[in-house]
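For the sequence shown, position 142 (counting from the first letter as 1) is numbered 1001 according to our numbering, and the numbering increases by one without interruption.
Notes follow the structure.
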Amino acid sequence: MRPSDQDTSIRQTAVEESSTDPVDGLILEERLGYALRRAQLKVFKHFDEVMRGHGIRPAQFSAMVIVEGYPGVTQSSLAQTLAIDPPRVVNVVNSLEEKGLAMRVRCKRDRRSHGIFLTKQGESLVNRLKELSAQSDRESTHRLSEIERRQLLTLLRKIYAPGESPDDRD
860 MRPSDQDTSI
870 RQTAVEESST
880 DPVDGLILEE
890 RLGYALRRAQ
900 LKVFKHFDEV
910 MRGHGIRPAQ
920 FSAMVIVEGY
930 PGVTQSSLAQ
940 TLAIDPPRVV
950 NVVNSLEEKG
960 LAMRVRCKRD
970 RRSHGIFLTK
980 QGESLVNRLK
990 ELSAQSDRES
1000 THRLSEIERR
1010 QLLTLLRKIY
1020 APGESPDDRD
């Protein structure tokens, strides 16, 4: 049986007038995926604003941090580490090169591959952005104590860490 337009209108008005989250009392608030997505949206919005202020997208920042930590990393390794498709990593590296923040250097061992390195300008910028990233994290998680923040990170890492999944068990 389909609810009448009036019933739907009444419920919509109740949701709009409610000062609480419209999912209060619904099964969504018990779902990890929903909570993770809501938290990710909040944290990422703030982080994205900070990065855009420096002309950098979040994926570019992540790539710069990885290249800084692993100078000479190949595009395929970078794509795997970032968990993004190789064509997308090409676009990220191209944009960093265009901005003068990174460069590709042909590998001596495998002339078909190129290692990615930060330029001096890239090294300087990534150091500044890492500070801003840490500040953004603190600001967007200000409701958590430092202990809670560390616990949250530990638990999230357990979720995405490589290892045995339920599908692997017999």
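Cβ coordinates follow ideal geometry from the N, Cα and C atoms, glycine included.
Three-state class that DSSP yields for residue i in the structure shown
i: L977; result: strand
i: T933; result: strand
i: P942; result: One point to set straight first is that residue 942 is Ala, not Pro, in the sequence displayed. Three-state DSSP puts A942 in coil, outside helix and strand.
i: S878; result: Low local confidence applies: a pLDDT of 48 at S878 is under 50, so the model's placement there is unreliable, with the coordinate-based value given in what follows. In the structure shown, S878 sits in coil (DSSP, three-state: anything other than H, G, I, E or B).
i: T1013; result: helix
i: R947; result: helix
i: L885; result: coil
i: P1021; result: coil
i: D1029; result: Confidence in D1029 is poor, its pLDDT being 45 and thus under 50, which makes the residue's placement unreliable; the coordinate value appears in the next sentence. Correct three-state label for D1029: coil.
i: I1006; result: helix
i: D996; result: helix
i: D907; result: helix
i: K967; result: coil
Bridge partners - residue i, DSSP secondary structure assignment
i: M962; result: F976
Contacting residues, own chain, Cβ-Cβ under 7 angstroms from residue i (five flanking each side not counted)
i: L1015; result: none
i: L960; result: M923, L977, T978, Q980, G981 and L984
i: Q919; result: V951, S954 and L955
i: E889; result: none
Close-in-space but distant-in-sequence residues of the same chain around residue i (CB under 8 angstroms, 5 per side omitted)
i: E956; result: M962 and R963
i: S921; result: L941
i: L1003; result: L1011
i: P917; result: F903, F906, D907 and M910
i: I925; result: V932, L937, T940 and L941
Cβ neighbours of residue i in the same chain (closer than 6 angstroms, five flanking residues each side left out)
i: R1008; result: T1000
i: E927; result: L977 and V985
With a cut-off of 8 angstroms, do at least 3 Cβ pairs link the region 927-940 to the region 894-901?
no
Would you call the region 900-909 and the region 996-1005 in contact, with 3 or more CB pairs under 8 angstroms?
yes
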